[in-house]
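Undergrad: The structure that follows is given in the form of structure tokens.
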Amino acid sequence: MAKTLLAMAIIYAVMVTLMWAFQDRLLYLPNAGREHIATPADQGLAWEAVTLTTEDDVALDAWWIPAPEPRASLLFFHGNAGNISHRLESIAQFQRLGLSVLIVDYRGYGRSEGRPSEAGTALDARAAWHWLRDEAEQEADEIVLFGRSLGAAVAAELAASLDEQQIPPAAVILESPFRSVPNLAQQLYPFLPARWLARIDYPVESYVTRISAPLLVIHSRDDDIIPFAQGEAVYQSAQEPKQLLEIKGSHNTGFLDSEPAYSAGIEAFLREEVGIAR
1 MAKTLLAMAI IYAVMVTLMW AFQDRLLYLP NAGREHIATP ADQGLAWEAV
51 TLTTEDDVAL DAWWIPAPEP RASLLFFHGN AGNISHRLES IAQFQRLGLS
101 VLIVDYRGYG RSEGRPSEAG TALDARAAWH WLRDEAEQEA DEIVLFGRSL
151 GAAVAAELAA SLDEQQIPPA AVILESPFRS VPNLAQQLYP FLPARWLARI
201 DYPVESYVTR ISAPLLVIHS RDDDIIPFAQ GEAVYQSAQE PKQLLEIKGS
251 HNTGFLDSEP AYSAGIEAFL REEVGIAR
């Protein structure tokens with residue numbers, strides 16, 4: 001009995017150590033697909049490859065996909081795996097909504113230089129924002145921030161920062177957001193002291209309390225990676241004006257499984273809360 005308990009204690013200690021030591025590798029999955037599998041041209045879209053340079057001199061790979069008659073521009077922050085070429089179906093959806101899109105690969109993802117980190121993704125977001133303002137000549141109130149999964153945390157942090165500078169974007173859309181990394185980890189791994197082991201934070205629930213722009217939270221009750229309750233808590237913590245769009249389908253396919261309601265919900269938000277008409 002004592003040997004069994006000792007073995008269980010050792011296994012538990014190893015699990016705790018591995019979670020603490022390798023949490024970067026658990027959260028950031030750039031090697032899930034480093035090479036581009038397609039381009040916007042495969043969706044029949046005009047596009048331009050651009051290189052962004054961050055404040056700490058890291059070169060980031062990005063695509064600019066201008067809409068023929070844009071109502072606004074959308075700054076797209078993707079999830080924790082793959083690269084920008086895996087988001088073509090989403091880009092096409094936003095184009096059909098009349099939105100020009102700038103999508104960027106975080107440092108260490110796709111063809112971007114560097115290694116991902118929480119501080120690094122914040123710098124990457126700022127570089128993308130400044131490119132839209134300076135190179136695409138977009139006003140702050142012409143830019144919608146969009147983030148999915150990990151990208152929701154990146155978008156929320158940027159939006160909160162812009163509010164502090166008194167240059168809020170036109171709107172913020174957070175799809176499948178989590179409350180924070182420690183909170184999500186504790187919910188997913190209740191048998192581990194995940195909340196206390198986390199070195200990465202991304203406190204989305206805190207960020208949204210400082211966002212004054214109209215906010216749309218999108219989440220599926222079928223989400224198999226980030227529970228719906230996480231997104232619901234983010235929504236409840238946010239300031240008005242805000243909307244919650246409940247979709248269906250898995251974490252990675254809900255935006256497709258829920259069409260046409262998905263696009264209709266975003267369209268209604270842009271018209272009703274943001275005042276961006278076609």
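For the sequence shown, full-length UniProt numbering begins at 1 and goes up steadily by one. Idealized CB from N, CA, C, for every residue including glycine. All figures in this text were calculated on a predicted structure; none of them were measured in a lab.
#1: Just verifying my parser: in three-state terms, what is the DSSP assignment at residue 180?
#2: Does the stretch 253 to 260 come into contact with the stretch 200 to 212, if we say contact requires no fewer than three beta-carbon pairs (one atom in each stretch) closer than 8 Å?
#3: Kindly indicate which three-state DSSP category residue 57 falls into: helix, strand or coil?
#4: Quick check: the Cα distance between residue 111 and residue 142, rounded to an integer number of angstroms?
#5: Among 67, 80, 216, 75, which has the Cα closest to the Cα of residue 145?
#6: Please work out which residues of its chain come closer than 8 Å, Cβ to Cβ, to residue 81, disregarding the five sequence neighbours upstream and downstream, and give them in chain order.
#7: Identify, in the order they occur along the chain, each residue of the same chain with its Cβ nearer than 8 Å to the Cβ of residue 51, setting aside the five sequence neighbours on each side.
#8: Residue 149: which of 233, 219, 262 sits nearest, CA to CA?
#9: Are the Cβ atoms of residue 137 and residue 152 separated by less than 8 Å?
#10: For residue 223, count neighbouring Cβ atoms within 10 angstroms of its own Cβ and tell me buried if that reaches 16, exposed if not.
#11: Under the rule that 16 or more other beta-carbon atoms within 10 Å means buried, what is residue 41, buried or exposed?
#12: Spatial neighbours of residue 77 within its chain, please: CB distance less than 6 Å, with the 5 preceding and 5 following residues excluded, ordered by chain position.
#13: Could you have a look at residue 130 and say whether DSSP puts it in helix, strand or coil?
#14: Hey, out of 37, 243, 162, 125, whose CA is closest to residue 272's CA?
#15: Counting C-beta neighbours from all protein chains within 10 Å, is the total for residue 173 16 or more, i.e. buried, or is it exposed?
#16: Considering only the beta carbon of each residue, do residue 184 and residue 230 sit closer than 8 Å?
#17: Please report the straight-line C-alpha distance between residue 258 and residue 221, rounded to a whole angstrom.
#18: Whose C-beta lies closer than 7 Å to the C-beta of residue 204 among residues of the same chain, with five residues either side of it excluded?
#19: What three-state label does DSSP hand residue 256 in the structure shown?
#20: Within a Cβ cutoff of 6 Å, which residues of the same chain sit near residue 168, ignoring the five residues on either side of it in sequence?
#21: Under a Cβ-count criterion, where at least 16 other Cβ atoms within 10 Å of its own Cβ denotes burial, should residue 250 be classed as buried or exposed?
#22: Taking 8 Å as the threshold (C-beta atoms), are residue 132 and residue 158 in contact?
TA: Here's the rundown:
#1: For the purposes of this step, residue 180 is taken as residue 180 along the sequence shown, with counting starting at 1. Three-state DSSP puts residue 180 in coil, outside helix and strand.
#2: Because the criterion of three Cβ pairs below 8 Å is not met, the stretch 253 to 260 and the stretch 200 to 212 do not touch.
#3: In the sequence shown, counting from the first residue as 1, residue 57 sits at position 57. When DSSP states are grouped into helix, strand and coil, residue 57 belongs to the coil group.
#4: Indexing the sequence shown from 1 puts residue 111 at position 111. Indexing the sequence shown from 1 puts residue 142 at position 142. Rounded to whole angstroms, residue 111 to residue 142 spans 28 Å at the Cα level.
#5: By 1-based counting over the sequence shown, the position of residue 145 is 145. Proximity to residue 145 across 67, 80, 216, 75 peaks at 75, based on C-alpha coordinates.
#6: Residue 81 sits at position 81 when you count from the first residue of the sequence shown. Take residue 81, set aside five residues on each side of it, and the residues of its chain with a beta-carbon closer than 8 Å to its own are 29, 30, 32, 33, in chain order.
#7: For the purposes of this step, residue 51 is taken as residue 51 along the sequence shown, with counting starting at 1. If we look at residue 51 and ignore the five residues flanking it on each side, its Cβ neighbours are 59, 60, 61, 62.
#8: Here residue 149 is taken as the residue at index 149 of the sequence shown, counted from 1. With distances taken between Cα atoms, residue 149 lies closest to 219.
#9: By 1-based counting over the sequence shown, the position of residue 137 is 137. By 1-based counting over the sequence shown, the position of residue 152 is 152. With contacts defined as CB atoms closer than 8 Å, residue 137 and residue 152 fail to qualify as a contacting pair.
#10: As a position in the sequence shown, residue 223 is number 223, starting the count at 1. A residue is called buried once 16 or more other Cβ atoms fall within 10 Å of its Cβ, and residue 223 is buried on that count.
#11: To locate residue 41, count along the sequence shown from 1; it is residue 41. It counts as exposed.
#12: The residue you call residue 77 lines up with position 77 of the sequence shown. The residues 147, 151, 154, 155, in chain order, have a CB closer than 6 Å to that of residue 77 in the same chain once the five nearest residues on each side in sequence are set aside.
#13: Here residue 130 corresponds to residue number 130 of the sequence shown, with the count starting at 1. Three-state result, residue 130: helix.
#14: As a working note, residue 272 is residue 272 in the sequence shown. Ranking 37, 243, 162, 125 by Cα distance to residue 272 puts 243 first.
#15: Translated into the one-based positions of the sequence shown, residue 173 becomes position 173. Answer is buried; the Cβ neighbour count reaches 16.
#16: Here residue 184 is taken as the residue at index 184 of the sequence shown, counted from 1. Here residue 230 is taken as the residue at index 230 of the sequence shown, counted from 1. The answer is yes: Cβ separation under 8 Å.
#17: Looking up residue 258 in the sequence shown gives position 258. Looking up residue 221 in the sequence shown gives position 221. Cα to Cα, residue 258 sits roughly 12 Å from residue 221.
#18: For the purposes of this step, residue 204 is identified with residue 204 of the sequence shown, where counting begins at 1. So the list reads 152, 153, 156, 177, 178, 179, 180, 234, once near-sequence residues are dropped.
#19: One-based indexing of the sequence shown puts residue 256 at position 256. The answer is helix: DSSP assigns residue 256 an H, G or I state.
#20: Taking the first residue of the sequence shown as position 1, residue 168 is located at position 168. 162, 212, 213, listed in sequence order.
#21: As a position in the sequence shown, residue 250 is number 250, starting the count at 1. Residue 250 counts as exposed, since fewer than 16 other beta carbons sit within 10 angstroms of its beta carbon.
#22: Your numbering for residue 158 matches position 158 in the sequence shown. Your numbering for residue 132 matches position 132 in the sequence shown. Not in contact: residue 158 and residue 132 (Cβ atoms no closer than 8 Å).
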